[in-house]
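S.K.: If you count the sequence shown from 1, position 252 lands on 252 in this note's numbering, and the numbers rise without skipping.
C-beta: ideal position from N, C-alpha, C; glycine also.
Every value quoted in this text rests on a predicted model; they were computed, and no experiment measured them.
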Amino acid sequence: MACAGAFTLAPEEFYVADALILCQGERVTAVGPRCRLEGETAGPVFDLGQAVLAPGLVNAHVHLSLSHTAGRTELGRGFLAWLKSLVPLLREKPGRTLLSRVAAGLAAQGTAAAGEIAGRWTGDVLEALAAAGVESVSLLEFFGFQGSGTLDWPMAAAEIPPERLHVFGHALYSTRDTLLQAAKAWAASEGRVFSLHLAESPEELDFCLTGHGPLASFFAGHGLLPADYRPPGLRPVAWAEALGLLGPGTLAVHCVQATEAEAVLLAATGTSVCLCPRSNANIHVGRAPWEAFLEAGANVCLGTDGLSSNTDLSLWNELRYFRKRYRGRLDLPAALTLVSANPARALGLDTDYGAITPGRRAVFAVLPPDVLAWSREEKTRP
Ligand SMILES: [Zn+2]
């Protein structure tokens with residue numbers, strides 16, 4: 001395959017101009033300048049002309065099973081208003097046609113793989129992703145204060161290929177701490193990903209610190225919070241750390257309420273961080289300290305979250321939104337790592353995705369013209 005350029009994101013040759021990418025079956029076997037590799041292939045060459053390629057994108061956090069809620073939730077009025085509008089819709093099943101269309105849209109936007117929060121309509125969601133050619137990392141959700149706090153695998157686990165099964169603890173405010181610990185322990189022992197929504201809203205902060213506030217009232221009102229429940233009186237990141245939930249193999253999603261010091265702590269523990277900037281803005285929960293996470297050297301990824309809180313599942317749009325509002329320099333290669341190399345590492349996919357190098361899967365994204373133009377902007381900056 002020939003193209004005008006390829007962001008390989010490999011440390012030794014981050015960008016190759018006038019590139020040739022050689023593939024065998026589904027894998028890349030070589031990548032380099034056309035003049036160097038031309039003699040090494042006898043096979044047909046597909047010339048993509050002026051296209052510039054990046055590794056297939058990886059969406060670190062998405063809820064495909066909520067696709068039917070698009071445009072039907074309360075946005076802009078804070079977390080509780082959004083949650084209240086979402087809960088009744090959880091009983092509805094997204095149609096297979098809709099799931100197919102949404103999954104095809106992911107693929108059309110250059111998404112090669114997605115960390116899908118699994119547990120609802122799992123078979124249908126996985127079928128739609130497979131038909132669209134999008135690799136799924138199924139993060140099976142654990143939720144609630146009921147039960148003994150041990151891992152009680154839901155039926156959906158049987159629908160997930162064992163090698164793609166990972167775990168997701170819904171949140172500190174919604175899920176028994178011992179259950180979260182059991183999920184993390186299982187993931188650590190099996191070499192799987194453990195993920196959770198962490199420090200998303202001011203209401204979550206209130207809940208963790210005091211055990212009161214609108215979230216506590218909402219969960220208690222639905223009989224989901226034990227009457228004798230007592231929170232630890234810690235901020236969410238500190239609580240997650242105290243429970244042993246952080247560290248390599250953990251993907252913390254949102255982290256909007258994290259302080260700069262907590263961003264440093266998350267980075268130091270090796271926890272990956274998934275930012276969902278448009279979802280956070282739409283729900284109106286605030287803005288995460290993006291710059292602090294990047295400056296601290298955390299493995300930062302972008303995720304779209306679901307259509308319950310976002311207008312689309314395009315990682316290009318997520319990246320456009322993020323870069324426009326980022327306070328500081330975010331050059332094109334650094335921006336691309338947020339939607340490819342970093343999420344691939346966070347989801348344990350980095351032997352297959354996240355770079356255009358020999359051995360990885362031959363799945364690529366074409367840079368949209370406006371994104372490509374960022375590199376020209378950077379060159380003309382003083
Ligand atoms: Zn989510």
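Taking Cβ positions, are Val102 and Leu139 nearer each other than 8 Å?
M.R.: Not a contact, by the Cβ cut-off of 8 Å.
S.K.: Measure the C-alpha to C-alpha separation of Val58 and Gly213 and round it to an integer number of angstroms.
M.R.: Looking at the two C-alpha atoms, the distance is approximately 36 Å.
S.K.: Looking at chain B, is there any beta carbon in it that lies within less than 8 Å of the beta carbon of Ser136?
M.R.: In the displayed structure, chain B is absent; only one protein chain is listed.
S.K.: What beta strand (DSSP E) runs, 3 residues minimum, are completely inside the segment 54 to 82?
M.R.: You should have 57 to 62.
S.K.: How many angstroms separate the CA atom of Ala108 from the CA atom of Ala220?
M.R.: Their Cα atoms are separated by approximately 42 Å.
S.K.: What do you reckon, is the C-beta of Val273 under 7 Å from a heavy atom of ligand 3?
M.R.: As for ligand 3, it is missing from this structure, which binds only ligand 1.
S.K.: Measuring only the C-alpha atoms, how far is Thr41 from Asp18?
M.R.: So the alpha carbons of these two residues sit roughly 16 Å apart.
S.K.: With respect to the beta strand (DSSP E) encompassing Leu9, which residues constitute its N-terminal and C-terminal limits?
M.R.: Here the beta strand (DSSP E) through Leu9 covers 2 to 10.
S.K.: Quick check: the segment 12 to 30 against the segment 355 to 366, are there 3 or more CB pairs under 8 Å?
M.R.: Yes, they touch.
S.K.: With Arg27 as the anchor, note down where its alpha helix (DSSP H) starts and where it stops.
M.R.: Where Arg27 is concerned, there is no enclosing alpha helix (DSSP H), although the beta strand (DSSP E) it sits in stretches over 27 to 33.
S.K.: Can His166 be considered in contact with ligand 1, in the sense that its beta carbon sits closer than 7 Å to one or more heavy atoms?
M.R.: Incorrect: His166 has no Cβ contact closer than 7 Å to ligand 1.
S.K.: Restricting to Cα atoms, I'd like to know which of Ser67, Ala188, Ser314, Arg327 is closest to Pro368.
M.R.: Residue Ser314 is the option with its Cα nearest to Pro368.
S.K.: Can you tell which of Ala156, Pro88, Glu38, Glu116 has its C-alpha closest to the C-alpha of Glu406?
M.R.: Here the chain covers residues 1 to 382 and nothing more, so residue 406 does not appear.
S.K.: Please indicate yes or no: does the CB of Asp312 lie closer than 7 Å to some heavy atom of ligand 1?
M.R.: Outside the cutoff, so no.
S.K.: Considering Gly169, what are the terminal residues of the beta strand (DSSP E) in which it resides?
M.R.: Where Gly169 is concerned, the enclosing beta strand (DSSP E) stretches over 165 to 171.
S.K.: Ends of the alpha helix (DSSP H) at Val237?
M.R.: First-last of the alpha helix (DSSP H) with Val237: 236 to 242.
S.K.: Leaving out five residues on either side along the sequence, give the residues of the same chain with a beta carbon under 6 Å from the beta carbon of Leu336.
M.R.: Same-chain partners within the cutoff: Phe7, Ala54.
S.K.: Based on Cα-Cα distance, which residue from Leu129, Gln257, Leu266 lies nearest to Ala383?
M.R.: This structure cannot speak to residue 383, because the chain is shown only from 1 to 382.
S.K.: Work out the CA separation of His222 and Val363 for me, nearest whole Å.
M.R.: Between Val363 and His222, the C-alpha separation is close to 45 Å.
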